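This report concerns only the one structure given below.
Chains as they are written, first to last, in my numbering: chain A, 1 to 223; chain B, 1001 to 1223.
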């Protein structure tokens, strides 16, 4: 599974484990702005019982083209807009799924879990069901496993859920969201800005779910 | 384009350039057994006029599962067999194409070149036309470019050529194959073993093309 350190993939880890899968978590150090995300991924993998966690280094920031990897492009703070956001990293999820596919095939695993969500943030092209289906099709053509009849499956169990539903699902499975970091520009301690799109959607999700928001914000800190 | 340092991708670089494309070459340092391959890629990129060459590090050898990355699995020397060879690296080409897609999108490029060949070495699942079509479909669903109508194209210009035809094509375009390394277990100077599948297919290709084979072999050296 792909594990980012955010709320969505933490939920997917808990869901996969609840279904009885031995979850192997993959995180990508792709040159993102902050390291709090990867620290959160480590905490989540340990706390939610991943049987293995690999952090693979692959520097996509050298290519540029995203607010998440290029300091010259500002992270938007004006509220969620329509269209594909500047925080889209060119083909990042395709790269991550491909690396996960490599690991899965080497392990003899036939299931990939992907925490894409098409509802509250439909601006990302690689979070749509048609993309997930296309990747699953590719995975079966690409691999020895697929060719030899051990079909690869790509699970995207939260793709059609609202953020509040994701949060309630994880809450019921015992996920402590205090250890996750969603903010696009979290500080070194993982404290959130409260202004970027990821922060806005997350905060609304807790409000809609009727659950307390455990997110640590910079401005609300005790300095 | 993906550039391995071998004969096929060198030919594809020359073909793309002859068509007027400004070729950007991508090589992956994935933990392969020998560095001669990447040294050859550098020589080829420079000699054939790539406008840029990036070598991306991503260690797939940690996952194992291939004779090319796991010293415990021997490179076959008994002649080309049917089925998927042990030199298949799980999903490696999918990872490389995905990284190339990321770079292409950041560049604003709409064309990927991929030196897959389905004829002389049909054992690799990710060298078949159906795979190339599936990747192109994915690329258009995965990217901002694809969603916004700037279609991505995956070119596999040698996929249906015999090795001898590839060699004649490159020869006519002025490719010096002496700088390419095809051997799965070349030594530090890029000298070939002459016994692995890649060596056998390459030698047969030059013979069938009626052209002198410039490959440097270990055993034929002047020690």
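Heads up, the beta-carbon is just placed ideally off N, CA and C, and yes, glycines get one too.
This structure is a prediction, so every number in the text was calculated from the model and none was measured.
- Of all residues in the region 129-144 of chain A, the ones placed with a Cβ closer than 7 Å to any Cβ belonging to chain B are 130, 131, 134, 135, 137, 138, 141, 142, 143, 144, in chain order.
- Under the Cβ criterion of 9 Å, residue 63 (chain A) is counted among the residues facing chain B.
- Taking CB atoms only, residue 1164 (chain B) has no neighbour in chain A less than 9 Å away.
- Nearest to residue 1055 (chain B) by C-alpha distance, out of A:58, A:71, A:203, is A:58.
- CA-to-CA, the gap between residue 1169 (chain B) and residue 1209 (chain B) works out to about 10 Å.
- Residue 1197 (chain B) has its alpha-carbon roughly 25 Å from the corresponding atom of residue 103 (chain A).
- Going by C-alpha positions, residue 1032 (chain B) is about 10 Å away from residue 1089 (chain B).
- The beta carbon of residue 76 (chain A) does not come within 9 Å of any beta carbon belonging to chain B, so the residue lies off that interface.
- Counting only runs of 4+ residues, the alpha helix (DSSP H) found wholly inside the region 106-144 of chain A occupies 129-142, in chain order.
- For residue 91 (chain A), the C-beta contacts it makes with chain B under 7 Å involve 1098, 1101, 1102, 1105, 1142, 1143, in order along the chain.
- Taking the beta carbon of residue 125 (chain A) as reference, the chain B residues within 8 Å of it are 1141, 1142, 1143, 1144, 1146, 1147, listed in sequence order.
- In the three-state reduction of the DSSP assignment, residue 1029 (chain B) falls in the strand class.
- Annotated three-state conformation of residue 1073 (chain B) is coil, per DSSP.
- Inter-segment contact for the region 1028-1047 of chain B and the region 1084-1098 of chain B is present: three or more beta-carbon pairs are separated by less than 8 Å.
- Between the region 1117-1133 of chain B and the region 164-184 of chain A, the count of C-beta pairs closer than 8 Å stays below three; the two stretches do not touch.
- Contacts between residue 119 (chain A) and chain B, judged by CB atoms closer than 9 Å, are missing: the closest CB pair is about 17 Å apart.
- Note on the region 152-190 of chain A: whole beta strand (DSSP E) runs with a minimum of 3 residues are 153-155, in chain order.
- The C-beta separation of residue 85 (chain A) from residue 123 (chain A) comes to about 5 Å, placing the pair in contact by the 8 Å criterion.
- Cα atoms of residue 160 (chain A) and residue 117 (chain A): separation of roughly 6 Å, rounded to the nearest angstrom.
- By the CB criterion at 9 Å, residue 1015 (chain B) and residue 1214 (chain B) fall outside the cutoff.
- Shown here for residue 40 (chain A): same chain residues with a beta carbon closer than 7 Å to its own, the five before and five after excluded, namely 5, 179, 180, 181, 190 in chain order.
- Exposure of residue 72 (chain A) is indicated by the presence of fewer than 16 other C-beta atoms within 10 angstroms of its C-beta.
- Our two residues, residue 1144 (chain B) and residue 1105 (chain B), have alpha carbons roughly 8 Å apart in a direct line.
- Taking C-beta atoms under 8 Å as the contact rule, residue 2 (chain A) and residue 108 (chain A) fail to qualify, at a distance of about 19 Å.
- Between residue 1197 (chain B) and chain A, the shortest Cβ-Cβ separation is not below 9 Å.
- One alpha carbon belongs to residue 96 (chain A), the other to residue 1151 (chain B), and they sit about 22 Å apart.
- The contact set of residue 1038 (chain B) on chain A, defined by CB atoms closer than 8 Å, is empty, because the minimum CB distance reaches about 16 Å.
- Relative to residue 23 (chain A), the option among A:48, A:36, A:8, A:43 whose CA is nearest is A:48.
- Contact annotation: in the region 172-196 of chain A, no residue has its CB less than 8 Å from a CB in chain B.
- Note on geometry: alpha-carbon atoms of residue 1155 (chain B) and residue 1112 (chain B) lie some 6 Å from one another.
- In chain order, 163, 164, 167 place their CB closer than 6 Å to the CB of residue 205 (chain A), counting only its own chain and leaving out the 5 sequence neighbours on each side.
- By the criterion of a C-beta distance shorter than 6 Å, residue 1010 (chain B) is surrounded in its chain by 1044, 1175, 1180, once the five residues flanking it on both sides are discounted.
- C-alpha of residue 1100 (chain B) to C-alpha of residue 207 (chain A): approximately 41 Å in a straight line.
- Listed along the chain, the chain B residues whose CB falls inside 7 Å of the CB of residue 60 (chain A) are 1102.
- The three-state reading of DSSP puts residue 1056 (chain B) in strand, counting E and B together.
- The closest CA to that of residue 200 (chain A), considering only A:42, A:17, A:79, A:119, is found on A:79.
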